[in-house]
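Residue numbering for the sequence shown follows the working numbering, beginning at 14 and increasing consecutively. All C-beta atoms in this analysis are idealised placements derived from N, C-alpha and C, irrespective of residue type, glycine included.
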Amino acid sequence: MPDIDPKSTFRGLPLTAEQDAEVRHYIKKKKQHGEPWDTPELAAMLKDMLEPPGDDDEGLGDTADETKAAAERAGASIDEDMEPIEASEERNAAMESERMKGP
Numbered sequence: 014m015p016d017i018d019p020k021s022t023f024r025g026l027p028l029t030a031e032q033d034a035e036v037r038h039y040i041k042k043k044k045q046h047g048e049p050w051d052t053p054e055l056a057a058m059l060k061d062m063l064e065p066p067g068d069d070d071e072g073l074g075d076t077a078d079e080t081k082a083a084a085e086r087a088g089a090s091i092d093e094d095m096e097p098i099e100a101s102e103e104r105n106a107a108m109e110s111e112r113m114k115g116p
């Protein structure tokens, strides 16, 4: 991927080539429809591009662990000799049962 010169990107922002293309496409579509392009939606898009959500898992670890454990319990109820569709239905039913039980 070629290096992007901030002077050549939208408003000189440090965007990747893909991000810059997405912003320019958004603006082009808005102009084609005769709509204003400098919108809060564009500002939010740029904010997301420049400050992607953090990778912190605060509070999510317990939920993810519970979900994984429920999936493992549901998977244990599936017979290896089942047809794929039947196994999928059994797994879905077991997951639903696990969800009903709660934490």
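{"Asked": "To the nearest angstrom, how far is the alpha carbon of Met-14 from that of Asp-33?", "Found": "With a pLDDT of 43 at Met-14, under the threshold of 50, the modelled position of that residue is not reliable, and the figure given next carries that caveat. Rounded to whole angstroms, Met-14 to Asp-33 spans 13 Å at the Cα level."}
{"Asked": "Can you tell me the Cβ-Cβ gap for Trp-50 and Lys-43, rounded? I've got them flagged as a contact below 8 Å.", "Found": "4 Å"}
{"Asked": "If we ignore side chains and look at the alpha-carbon of each, how far apart do Pro-27 and Met-62 end up?", "Found": "9 Å"}
{"Asked": "Do you know whose CA, among Glu-111, Glu-102, Ser-101, Pro-97, lies nearest Lys-81's CA?", "Found": "Glu-111"}
{"Asked": "Could you give the distance in angstroms between the alpha-carbon of Met-113 and the alpha-carbon of Ala-57?", "Found": "37 Å"}
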